[in-house]
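K.L.:
Residue numbers (the numbering used here): 28 to 314.
Every residue, glycine too, gets a C-beta built ideally from N, C-alpha and C.
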């Protein structure tokens, strides 16, 4: 299967030739397929945000390539412009970027820049609002009269309305209560399933990425340190802890059980933990 996105030997150096020269990305390579849900984790300063900003052309590589369907997003101006529509980027606390008079106009801003018809823009606005759980009655309300969680939904809907094939989100649940977190994660997954979109989610919440992601990229000091399924990555939980990263709470519990001499597998979701402990309690060997 041909990947929708390929990153090849990507390097980025800030302030080249000055005393402030700093390497943010070093020879990073990976690919992503349609419909895949990828979690991106790493310490502050590891290169996560710099990497994300390369994927839709906000930053240009010092060296290396970003390919969409096999073509460099920097091949020509048209390719770069298309990349910014095909790869949607939601920054952390995106609600701070709201500016229009109504929710409708804010969501319609991106599709409007794409030169779409009024009818197509209307369809996309209403569909995007539905994906993020905003009722039609809110579309004519000022976004500044909404709650924090509702503003977050409006901002995400504004990117979804451009119908990106790849949706990148930087800490989309930051600052939300548990109920709000669950809702936003469900909204994002609903879009992925409906459009077969690729999701890349930067998160400090290991519980979120363990639950949602098919695959994890772990950044460390400008390098891609790990690339694998959640099971493969969290199996190396002790390495993650040494890197200063958090791990899912349930994985931490099972690490402790193993340190006490219990022969238990490594798990990373509550569902796996319940299944494993139930089998142990019933004397059933764990598969």
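Taking the alpha helix (DSSP H) that residue 258 belongs to, which residues open and close that run?
P.N.:
If you number the chain shown from 1, residue 258 lands on position 231. Residues 257-261.
K.L.:
Would you be able to state if there are at least three C-beta pairs under 8 Å between the region 222-234 and the region 197-204?
P.N.:
Segments in contact, yes.
K.L.:
Just how far apart, CA to CA, sit residue 289 and residue 277?
P.N.:
Working through the chain shown from its first residue, we reach residue 289 at position 262. Working through the chain shown from its first residue, we reach residue 277 at position 250. One C-alpha to the other measures close to 15 Å.
K.L.:
Quick check on residue 36: does DSSP put it in helix, strand or coil?
P.N.:
Along the chain shown, read from residue 1 onward, the residue named residue 36 stands at position 9. Residue 36 falls in the strand class under three-state DSSP.
K.L.:
Might you give, ordered along the chain, the residues of its own chain that have their beta carbon closer than 7 Å to the beta carbon of residue 259, omitting 5 neighbours on each side?
P.N.:
In the chain shown, counting from the first residue as 1, residue 259 sits at position 232. Excluding positions up to five away in sequence, the list is empty.
K.L.:
With DSSP as the reference, identify every bridge partner of residue 228, one or two as the case may be.
P.N.:
Your numbering for residue 228 matches position 201 in the chain shown. Looking at the DSSP assignment, residue 228 forms a beta bridge with 66 and 196.
K.L.:
Going by other Cβ atoms of all chains shown within 10 Å of its Cβ, with 16 needed for buried, is residue 272 buried or exposed?
P.N.:
For this step, residue 272 is matched to residue 245 along the chain shown. The residue is buried, with at least 16 neighbouring Cβ atoms inside 10 Å.
K.L.:
Under the DSSP definition of a beta bridge, which residues are partnered with residue 117?
P.N.:
In the chain shown, the residue the question calls residue 117 occupies position 90. In DSSP, residue 117 forms a bridge with 196.
K.L.:
According to the Cβ coordinates, are residue 53 and residue 36 closer than 7 Å?
P.N.:
Walking along the chain shown from the start, residue 53 turns up at place 26. Walking along the chain shown from the start, residue 36 turns up at place 9. Result no, Cβ atoms of residue 53 and residue 36 do not sit closer than 7 Å.
K.L.:
With three or more beta-carbon pairs closer than 8 Å as the criterion, would you say the region 86-93 touches the region 132-151?
P.N.:
Taking 8 Å as the limit for Cβ pairs, the verdict is that the region 132-151 does not touch the region 86-93.
K.L.:
Run through the DSSP bridge pairs and tell me what residue 98 is partnered with.
P.N.:
Taking the chain shown and counting its residues from 1, the one referred to as residue 98 is at position 71. Bridge partners of residue 98: 95.
K.L.:
Take every Cβ of the region 102-113, pair it with every Cβ of the region 147-165, and state whether three or more of those distances are shorter than 8 Å.
P.N.:
Judged by Cβ distances under 8 Å, the region 102-113 makes no contact with the region 147-165, as fewer than three pairs qualify.
K.L.:
Can you check which of these residues, 82, 187 and 208, is closest to residue 96 by C-alpha distance?
P.N.:
Within the chain shown, the letter at position 69 stands for residue 96. When only C-alpha atoms are compared, the closest one is 82.
K.L.:
When burial is assigned at 16 or more other CB atoms within 10 Å of the CB, is residue 123 buried or exposed?
P.N.:
The residue you call residue 123 lines up with position 96 of the chain shown. Classification for residue 123: exposed.
K.L.:
Which runs of the beta strand (DSSP E) fall wholly inside the region 147-213 and span at least 3 residues, in chain order?
P.N.:
As far as the region 147-213 is concerned, its whole beta strand (DSSP E) runs of at least 3 residues are 193-197.
K.L.:
Rounded to whole angstroms, how far is the Cβ of residue 225 from the Cβ of residue 60, which I believe are closer than 8 Å?
P.N.:
In the chain shown, the residue the question calls residue 225 occupies position 198. In the chain shown, the residue the question calls residue 60 occupies position 33. Indeed, because the Cβ distance is near 7 Å, the residues count as touching under 8 Å.
K.L.:
Just verifying my parser: in three-state terms, what is the DSSP assignment at residue 217?
P.N.:
As a working mapping, residue 217 is identified with position 190 in the chain shown. Residue state, collapsed to three classes: helix.
K.L.:
If you run the structure through DSSP and keep just helix, strand and coil, what is residue 50?
P.N.:
In the chain shown, counting from the first residue as 1, residue 50 sits at position 23. If DSSP states are grouped into helix, strand and coil, residue 50 belongs with the strands.
K.L.:
Looking only at C-alpha atoms, which of 248, 131, 103 and 132 sits nearest to residue 72?
P.N.:
As a first step, residue 72 is located in the chain shown; it is residue number 45 there, counting from the start. Cα-wise, what sits closest to residue 72 is 248.
K.L.:
When you compare each of 134, 119 and 283 to residue 202 by their alpha carbons, which one comes out closest?
P.N.:
Stepping through the chain shown from its first residue, residue 202 is reached at position 175. The shortest C-alpha separation from residue 202 is found at 119.
K.L.:
Where residue 321 and residue 238 are concerned, what is the direct C-alpha to C-alpha distance, given to the nearest angstrom?
P.N.:
Only positions 28 to 314 of the chain appear in this structure, which leaves residue 321 out of reach.
K.L.:
According to the neighbour-count rule (16 or more other Cβ atoms, all chains shown, within 10 Å of its Cβ), is residue 126 buried or exposed?
P.N.:
Locating residue 126 in the chain shown gives position 99, counting from the first residue. That one is exposed.
K.L.:
With DSSP as the reference, label residue 294 as helix, strand or coil.
P.N.:
Counting from one through the chain shown, the residue named residue 294 turns up at place 267. Note: residue 294 maps to coil in three-state DSSP.
K.L.:
How would you label residue 175, buried or exposed, when you count the other beta carbons within 10 angstroms and need 16 or more for buried?
P.N.:
By one-based count along the chain shown, residue 175 stands at place 148. When all chains shown are included, residue 175 counts as exposed.
K.L.:
How far does the beta strand (DSSP E) with residue 79 in it extend, from its first residue to its last?
P.N.:
Position 52 of the chain shown, counted from the first residue, corresponds to residue 79. That residue, residue 79, is in no beta strand (DSSP E); its alpha helix (DSSP H) goes 75-81.
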